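**Q**
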Amino acid sequence: MSRSVPGILLILLSILISSCPLPGLHSKNIAIAATSSINQDIEDLPKVPIFPSPQYRLLPITISQVLERVVKLSPEIRIQKKRLAVSYAIRDLAIEGFFPSFTVNGGTMAYNGEVQSSSGLFENIQKQHTMIEQGGVLSTSPGVSGFQTLIKTTRIDETRSQLSETINQKTAQAARLYFEESALLSRIYVLERAVAISAQILKEEKRLMELGGASIVGLLRAAHEVTRDSRALVEEERLTYIAGFRLAQLLGTGRETLPIPQESFILPRLFIQMPNRLEPLLTLSDKNRPLLQKRHYQVTEGRQGINEALYAPLLPTIGVTMLNGQLGPDPYALTGYGSTLFFASWTVGPGGILDPARILLTNRQKELADSRLERTRLLVHRQVSQSYESLNQSFSEERIAVSDVRLARQTFMASRKRVRLGVYHALELIISLRDLVHAQLKYVDATESFLQSQFDLLAATGSAPELVREPVAVDNRITPSMFTFSPPK
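With the numbering used here applied, the sequence shown has no gaps in its numbers, which climb one by one up to 495 at the end.
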């Protein structure tokens, strides 16, 4: 019995070992299954669609061409031009009031009856009366016509100022959309390069993992960077379509046309001279901004309305009545006659002299116009101040962004050199790539803000850009080659 116990124990131990696999062997199976699943996920990475779609007709265009076309073809500007033409027609209608109106009238009247109670000579006499007349009335109201013509002329100036303001706003909006689309295309360019490099890193990580020289973490991070940059790329492409279609609407082109900036990459340029102080810009806006000029004309119109209510009724309506006809006891014994009457008439009360309600209304309209002028002046000054500060701040941001791009580019090139030397770590290269892409995108944002702020300042002050003058480069050291970087080799 003593000899059989160890044998039994050995048999039981062998059974336990055969029924329970070793821990290391189980982990290896899990790792193989996990690697297979990861490889399947990596192979299923989505592809970015082709941009721009071939169904749209591309229209390469410069900023000068945008500004010229929007003035000629913008639907909103054309509507304002039609309104100006209507204002001229309304003024012509007021001028017509100086010409006397001529009223033609004519008719006949016959009365036939018997005197029911009479004596003497009129006993049993038939009473007959017949009248036939024709003529006309000439009349004019010089007071009302004069003041109305003056008011309608002021309204023409007001409409013309509104047209200038519409041109001012639409050109600034077109410039903003142009630079927005240019910035979006630049972001797409950066992200396309980032996706290509991320895919190259992912490919290298897969190769090293198959050789046993890379970890699953590095492979997953590289795959994540591909999807992350691809998602950002698709979003930028979506926004580019939106900006392009909005710009096409301003230019009056069809929906199948997609305007595309001709510049290869958005770069900082000066379209105006950098202002040193804010105060001269505020003075310039008070003088040139069409919106303020419109409000001034509205105040003038209110003042003219008060004068019309007070003084126009003092001038009478003048005219002449001319009649001729025939009158007699019967149609067979008519005697001809003629009459001419010159007259002048005044209206006292509502619609004429001493009309307190009309005088009160015109005074309140004048006060409303004054308040609108003050509010608009505050609005314009705020826009000028905001554009001025935005221009200065975006200029500083652009300078800082340049330094950030240079440092991030050097960091990425150093990491790429470490790859060539064999001192390679996927996370280091991925982080340096992310920093470089982020720095370049921030530079694009700063440059877009810098360019847009210049045209915002022009619009706020009511100044037009000089299209014949070539914009000045802010920094000659900045070129599109700064944003071209190659994958590691």
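Positions of the beta carbon are idealized from the N, C-alpha and C atoms, including for glycine. As the structure is a computational prediction, the values presented were derived from the model and not from experiment.
Given L321, which residues of its chain have a CB within under 7 Å of its CB, disregarding the five upstream and five downstream residues?
**A** Taking the first residue of the sequence shown as position 1, residue 321 is located at position 315. Here the set comprises P148, G149.
**Q** Looking at C-beta atoms only, is the number of pairs between the stretch 407 to 414 and the stretch 439 to 450 that lie closer than 8 Å three or more?
**A** Counting C-beta pairs closer than 8 Å gives three or more between the stretch 407 to 414 and the stretch 439 to 450, which meets the contact rule.
**Q** Whether or not the stretch 363 to 371 and the stretch 172 to 179 are in contact is what I'm after, with contact meaning three or more pairs of Cβ atoms, one per stretch, closer than 8 Å; do they touch?
**A** no
**Q** Consult DSSP for R295 and reduce its assignment to one of helix, strand or coil.
**A** Residue 295 sits at position 289 when you count from the first residue of the sequence shown. Correct three-state label for R295: coil.
**Q** Under the rule that 16 or more other beta-carbon atoms within 10 Å means buried, what is Y184, buried or exposed?
**A** Sequence index remark: in the sequence shown, residue 184 carries index 178 (1-based). By the 10 Å Cβ count, Y184 comes out buried.
**Q** Would you tell me roughly how many angstroms separate the C-alpha atoms of S391 and L463, rounded to the nearest one?
**A** Along the sequence shown, one-based indexing puts residue 391 at 385. Along the sequence shown, one-based indexing puts residue 463 at 457. If I take the Cα positions, the gap works out to 9 Å.
**Q** Given a cut-off of 8 Å, decide if R193 and S93 are closer than it, judged by their beta-carbon atoms.
**A** Position 87 of the sequence shown holds residue 93. Position 187 of the sequence shown holds residue 193. Cβ distance not < 8 Å, so S93 and R193 don't count as in contact.
**Q** Under the three-state reduction of DSSP, which class applies to H32: helix, strand or coil?
**A** The residue you call residue 32 lines up with position 26 of the sequence shown. Caution applies to H32, whose pLDDT of 41 falls short of 50 and renders its modelled position unreliable; the model cannot decide the point.
**Q** Going by DSSP, which residues form a beta bridge with G334?
**A** As a first step, residue 334 must be located in the sequence shown, where it is residue number 328. T136, per the DSSP bridge assignment.
**Q** Answer with buried or exposed for R261, where buried requires no fewer than 16 other C-beta atoms within 10 angstroms of its C-beta.
**A** As a working note, residue 261 is residue 255 in the sequence shown. Exposed, since its Cβ has fewer than 16 Cβ neighbours within 10 Å.
**Q** Return the bridge partner residues of L65 from the DSSP annotation.
**A** The count along the sequence shown starts at 1 and reaches residue 65 at position 59. In DSSP, L65 forms a bridge with P265.
**Q** How would you write the range of the alpha helix (DSSP H) that L156 sits in, first residue to last?
**A** Translated into positions along the sequence shown, residue 156 becomes position 150. Residues 148 to 216.
**Q** Please list, in chain order, all residues of the same chain as Q61 whose beta carbon is under 6 Å from its beta carbon, the five residues on each side excluded.
**A** The residue given as residue 61 occupies position 55 in the sequence shown. Cβ within range, chain order: n/a, list empty.
**Q** Using 8 Å for Cβ pairs, my map puts A3 next to S393. What's the rounded Cβ distance?
**A** Lying outside 7 to 495, the shown extent of the chain, residue 3 is not represented and no answer is given.
**Q** Looking at the structure shown, is G344 part of a helix, part of a strand, or coil, going by DSSP?
**A** Locating residue 344 in the sequence shown gives position 338, where the first residue counts as 1. Residue state, collapsed to three classes: strand.
**Q** Spatial neighbours of I101 within its chain, please: CB distance less than 6 Å, with the 5 preceding and 5 following residues excluded, ordered by chain position.
**A** In the sequence shown, counting from the first residue as 1, residue 101 sits at position 95. Excluding residues within five positions, the ones whose Cβ falls inside 6 Å are T155.
**Q** Can you name, in chain order, every residue of its own chain whose Cβ lies under 6 Å from the Cβ of G358, other than the five neighbours on each side?
**A** Sequence index remark: in the sequence shown, residue 358 carries index 352 (1-based). So the qualifying residues of the chain are P319.
**Q** Using DSSP with H/G/I as helix, E/B as strand and the rest coil, what is S351?
**A** As a working mapping, residue 351 is identified with position 345 in the sequence shown. Reduced to three states, the DSSP call for S351 is strand.
**Q** Please tell me whether P81 and G258 are closer than 8 Å, where the distance is taken between their beta carbons.
**A** For the purposes of this step, residue 81 is taken as residue 75 along the sequence shown, with counting starting at 1. For the purposes of this step, residue 258 is taken as residue 252 along the sequence shown, with counting starting at 1. For P81 and G258, yes; Cβs fall inside 8 Å.
**Q** According to the neighbour-count rule (16 or more other Cβ atoms, all chains shown, within 10 Å of its Cβ), is D235 buried or exposed?
**A** Within the sequence shown, residue 235 is the residue found at index 229, counting from 1. It is buried - the Cβ of D235 has at least 16 other Cβ atoms within 10 Å.
**Q** With a 10 Å radius around its C-beta and 16 neighbouring C-beta atoms as the bar for buried, classify F108 as buried or exposed.
**A** Counting from one through the sequence shown, the residue named residue 108 turns up at place 102. Label assigned to F108: exposed.
**Q** Using a Cβ distance threshold of 8 Å, determine whether the stretch 321 to 338 contacts the stretch 346 to 364, with at least three qualifying pairs required.
**A** yes
**Q** State the DSSP-derived secondary structure class of L276, mapped to helix, strand or coil.
**A** Locating residue 276 in the sequence shown gives position 270, where the first residue counts as 1. In the structure shown, L276 sits in a strand (DSSP, three-state: E or B).
**Q** Could you compute how far the alpha carbon of L397 sits from the alpha carbon of L264?
**A** To locate residue 397, count along the sequence shown from 1; it is residue 391. To locate residue 264, count along the sequence shown from 1; it is residue 258. One C-alpha to the other measures close to 29 Å.
**Q** Output yes if chain B places a C-beta closer than 8 Å to the C-beta of F108; else output no.
**A** Here there is only one protein chain, and chain B is not present.
**Q** So the candidates are S459, G152, M488; which of them puts its Cα closest to the Cα of A180?
**A** Looking up residue 180 in the sequence shown gives position 174. Nearest option by C-alpha distance: S459.
**Q** Rounded to whole angstroms, what's the CA-CA distance from R440 to L225? Just pull it up for me.
**A** As a working mapping, residue 440 is identified with position 434 in the sequence shown. As a working mapping, residue 225 is identified with position 219 in the sequence shown. Going by the C-alpha atoms only, they are around 16 Å apart.
**Q** Do the stretch 266 to 286 and the stretch 58 to 72 make contact, defined as three or more Cβ pairs closer than 8 Å?
**A** yes
**Q** What does DSSP give as the partner residues of V1 in its beta bridges?
**A** Residue 1 lies beyond the stretch modelled for the chain, which goes from 7 to 495, so this question has no answer here.
**Q** In three-state terms, what does DSSP make of A479?
**A** Translated into positions along the sequence shown, residue 479 becomes position 473. In the structure shown, A479 sits in a strand (DSSP, three-state: E or B).
**Q** Can you list, in chain order, the residues of its chain whose CB lies under 8 Å from that of T146, leaving out five sequence neighbours each side?
**A** Looking up residue 146 in the sequence shown gives position 140. Contacts found: G103, F104, F105, P106, S107, T323, I324, G325.
**Q** Grouping DSSP H, G and I as helix and E and B as strand, with all else coil, what is I484?
**A** Against the sequence shown, residue 484 aligns to sequence position 478. Coil at I484, not helix or strand.
**Q** Check this for me: beta carbons of Q279 and R378, under 8 Å apart or not?
**A** The count along the sequence shown starts at 1 and reaches residue 279 at position 273. The count along the sequence shown starts at 1 and reaches residue 378 at position 372. Against a cut-off of 8 Å, the Cβ pair of R378 and Q279 comes out as no contact.
**Q** Check I56 in the structure and name its three-state DSSP category.
**A** Within the sequence shown, the letter at position 50 stands for residue 56. Note: I56 maps to coil in three-state DSSP.
**Q** Determine the burial state of L169: buried for a count of at least 16 other Cβ atoms within 10 Å of its Cβ, exposed for fewer.
**A** In the sequence shown, residue 169 corresponds to position 163, counting from 1. A residue is called buried when at least 16 other Cβ atoms come within 10 angstroms of its Cβ; L169 meets this threshold and is buried.
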